[in-house]
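There are 2 protein chains.
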Amino acid sequence: MAASKQTLLDTIHRYVELVATGSSADVVALYADGATVEDPVGSEVRTTRESIAEFYAALDGLEQEARVLHARVAGNEAAFAFELVTIVGEKKLTLAPVDVMTFDDEGRITSMRAFWSEDDMVWS
Amino acid sequence: MAASKQTLLDTIHRYVELVATGSSADVVALYADGATVEDPVGSEVRTTRESIAEFYAALDGLEQEARVLHARVAGNEAAFAFELVTIVGEKKLTLAPVDVMTFDDEGRITSMRAFWSEDDMVWS
């Protein structure tokens with residue numbers, strides 16, 4: 704049986720929270736075996752747990768805040784806009800992508816594709 | 704050569720405007736030949752110009768307003784949240800999906816997938 708809409712929304716909120724404040728291992732644990740990550744869309748697709756872990760490890764140790772802006776679920780897929788703010792000294796770097804995810808029946812992420820471009824990164 | 708980011712953003716804004724206030728023929732004209740429409744995600748994919756026209760014809764004659772909430776482009780693909788408000792007498796029906804589109808080199812839409820569920824429709 705497919706995961707419920709609420710389960711998928713919970714996973715999305717947990718994902719966004721962990722990307723900002725969790726360890727890369729915490730984030731990777733949300734992914735199913737065999738999952739793929741394409742971030743940003745158009746870049747090489749990561750297909751192994753090691754390469755996905757490497758991707759999120761780049762965020763470890765950063766001071767970050769994040770929040771979900773708009774999330775929509777359809778069946779076992781979802782798309783959501785979120786905002787990730789990285790504090791760098793007295794400045795802030797904000798990136799607000801739209802991520803598209805697919806999920807397995809247990810609500811684990813089976814694929815993630817992130818829509819954003821270089822010039823969506825805003826310093827303030 | 705791929706369409707520019709600005710071309711895709713222009714098409715997205717025009718799409719949202721036309722869905723609300725244009726004719727179904729205007730909307731369909733934004734699609735490339737051979738385009739597909741899956742709205743909502745999980746429903747049967749429309750693969751002919753006739754079936755896509757039929758889909759948008761359901762909106763003809765409705766009093767609607769729409770605006771783009773958050774749009775992100777990555778290569779020749781894009782994802783965007785938008786809000787569509789339908790005025791029904793003294794009430795308003797609001798639906799705010801996230802659409803994912805792919806585009807050809809001229810910026811015509813080659814596929815559209817809309818993420819939303821029944822309970823995202825809000826009466827006010």
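Going line by line, the protein sequences match chains A and B.
Sequential numbering of the first sequence, starting at 704, is according to this note's numbering.
Sequential numbering of the second sequence, starting at 704, is according to this note's numbering.
The beta carbon of each residue, even a glycine, is placed where N, CA and C say it ideally should be.
Note that the structure is predicted; figures quoted are calculated from it, not measured.
1) Would S827 of chain A be called buried (16 or more neighbouring beta carbons within 10 Å of its own) or exposed?
2) Using a C-beta cutoff of 7 Å, does F818 of chain B count as contacting chain A?
3) Return the chain-ordered list of same chain residues with a C-beta closer than 7 Å to the C-beta of A706 of chain B, the five sequence neighbours on each side being excluded.
4) Grouping DSSP H, G and I as helix and E and B as strand, with all else coil, what is T751 of chain A?
5) I812 of chain B and A830 of chain B - do their beta-carbons sit closer together than 7 Å?
6) When you compare the segment 814-824 of chain A with the segment 715-733 of chain B, are there three or more beta-carbon pairs, one atom per stretch, that lie closer than 8 Å?
7) Kindly list, in the order they appear in chain B, the residues whose Cβ is closer than 7 Å to that of V825 of chain A.
8) Kindly list the residues whose CB is nearer than 8 Å to the CB of S726 of chain A, restricted to its own chain and excluding five residues on each side of it in sequence; keep chain order.
9) Going along the segment 757-775 of chain B in order, which residues come within less than 7 Å of chain A, judged by CB to CB distance?
10) Indicate the three-state DSSP secondary structure (helix, strand or coil) for V740 of chain B in the structure shown.
11) Using C-beta distances below 6 Å, list every residue in its chain close to E766 of chain A, excluding the 5 sequence neighbours before and after it, in chain order.
12) Is the Cβ of A738 of chain B closer than 7 Å to any Cβ of chain A?
The answer reads as follows:
1) With fewer than 16 other Cβ atoms within 10 Å, it is exposed.
2) Judged by the 7 Å Cβ criterion, F818 of chain B is in contact with chain A.
3) Result list for A706 of chain B: N779, F806, D808, E809, G810, in chain order.
4) Three-state result, T751 of chain A: coil.
5) Any property of residue 830 of chain B remains undetermined from this structure, which presents chain B solely from 704 to 827.
6) Inter-segment contact for the segment 814-824 of chain A and the segment 715-733 of chain B is absent: fewer than three beta-carbon pairs are separated by less than 8 Å.
7) Proximity of chain B to V825 of chain A at the Cβ level (cut-off 7 Å) is not reached, the minimal Cβ distance being about 13 Å.
8) D763, listed in sequence order.
9) Among the residues of the segment 757-775 of chain B, those with a Cβ less than 7 Å away from any Cβ of chain A are L772, H773, R775, in the order of the chain.
10) In the displayed model, V740 of chain B falls within a strand according to three-state DSSP.
11) Excluding sequence neighbours, E766 of chain A sits near I790.
12) Closer than 7 Å: no.
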